[in-house]
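Per this note's numbering, residue 7 is the first one in the sequence shown, and the count goes up by one each step.
In what follows, a single structure is set out as structure tokens and then discussed.
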Amino acid sequence: MKDILTIGHSNVSWGEFHYGLDYFDVNCIIDVRSSPRSRWPQFRKRDLRTALNRVGISYIHLGDSLGGHPKRGPTAYDDRRGTPEFATGIETVLSIASRCRPALMCSEGDPLHCHRFLLISRHLNDLPDVGVWHIRHDGTLEGHTQAENRLLALHRMSDDLLTSREDQVAEAYVRQERKLG
7 MKDILTIGHS NVSWGEFHYG LDYFDVNCII DVRSSPRSRW PQFRKRDLRT ALNRVGISYI
67 HLGDSLGGHP KRGPTAYDDR RGTPEFATGI ETVLSIASRC RPALMCSEGD PLHCHRFLLI
127 SRHLNDLPDV GVWHIRHDGT LEGHTQAENR LLALHRMSDD LLTSREDQVA EAYVRQERKL
187 G
């Protein structure tokens, strides 16, 4: 089983961010931001790479293949999942996960508001022998299915007894993608 974590840096301090990585034994950050910039200096690509390397954590940027705002190609997530670039990015993540414990990183603190959940984690979670976990800012680890339950609740869809959970989750993803634009 390959465990792949996700984390959003939001506006936390370097100390809080590093603590979360250390606590959950993250060995590699896979930056999935299309543009690895931030108004928070500690999360700008060069500064982040340097700080991570100092504490023994590898850094790789895959925003070109897995970013939420591609420079070319389709922007709709369903269409993106079918591109060769996305497939290559996923294969790279799986290859890294076979050697160490990676965390996909983007900027949004809550995974429900980020493409790492809507696009990447959703795809990875459907693969056999892959577990996706989200590092939350309160210091907890949330399983992808738990996050999907929060997504259903967010869109008030969890009480529909006539629709399968699978169909409800699919519709909740559509609604959240539409909401986030």
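For glycine and all other residues, C-beta sits at the position ideal for the given N, C-alpha and C.
Since the structure is predicted, the reported quantities are computational estimates derived from the model, not experimental observations.
Sequence-distant residues of the same chain with beta carbon closer than 6 Å to residue i, five excluded per side
i      : result
GLU148 : HIS140 and ARG142
GLY225 : With the chain covering 7 to 187 only, the question about residue 225 has no answer from this structure.
LEU72  : VAL38, GLY95 and ILE126
ILE66  : ILE36
ARG86  : PRO80 and PHE92
MET111 : ILE13, ILE35 and ASP37
SER16  : GLY115
Burial state of residue i, where buried means 16 or more other Cβ atoms lie within 10 Å
i      : result
HIS129 : buried
TYR83  : buried
CYS106 : exposed
THR12  : buried
LEU124 : buried
SER113 : buried
LEU133 : exposed
GLU154 : buried
VAL99  : buried
Beta carbon proximity, residue i to chain C, threshold 9 Å
i      : result
SER170 : The structure shown contains no chain C; it is built from a single protein chain.
Cβ distance (whole Å) where residue i is taken to contact residue j below 8 Å
i      : j      : result
ILE102 : ILE36  : 7 Å
LEU158 : VAL175 : 7 Å
ARG52  : ARG43  : With a Cβ gap of about 10 Å, ARG52 and ARG43 do not count as contacting.
ARG156 : LEU118 : 6 Å
First through last residue of the alpha helix (DSSP H) which encompasses residue i
i      : result
PRO90  : 90-103
LEU133 : Note, LEU133: premise wrong, no alpha helix (DSSP H); not H, not E.
LEU11  : Not the alpha helix (DSSP H): LEU11 falls in the beta strand (DSSP E), residues 8-14.
SER71  : 69-72
PHE23  : 20-29
LEU186 : 171-186
LEU54  : 51-60
Under 9 Å between C-beta atoms of residue i and residue j
i      : j      : result
VAL32  : ALA109 : yes
ARG45  : GLY74  : no
LEU160 : ALA178 : yes
GLY1   : TYR29  : The structure shown does not extend to residue 1, since the chain is modelled only from 7 through 187, so no value can be given for it.
GLY115 : GLY14  : yes
GLY137 : HIS121 : no
Unbroken beta strand (DSSP E) run spanning residue i, endpoints
i      : result
LEU147 : 147-149
ALA109 : 108-112
ASP37  : 34-37
Contacts around residue i, its chain only, beta-carbon distance under 7 Å, and the 5 residues preceding and following it disregarded
i      : result
ILE63  : LEU27, VAL32, ASN33, CYS34 and ILE35
LYS185 : none
VAL61  : HIS24
Same chain, Cβ closer than 8 Å to residue i, five either side skipped, listed in chain order
i      : result
GLY69  : ASP37, VAL38, ARG39, SER40, SER41 and PRO42
ASP135 : MET7 and LYS8
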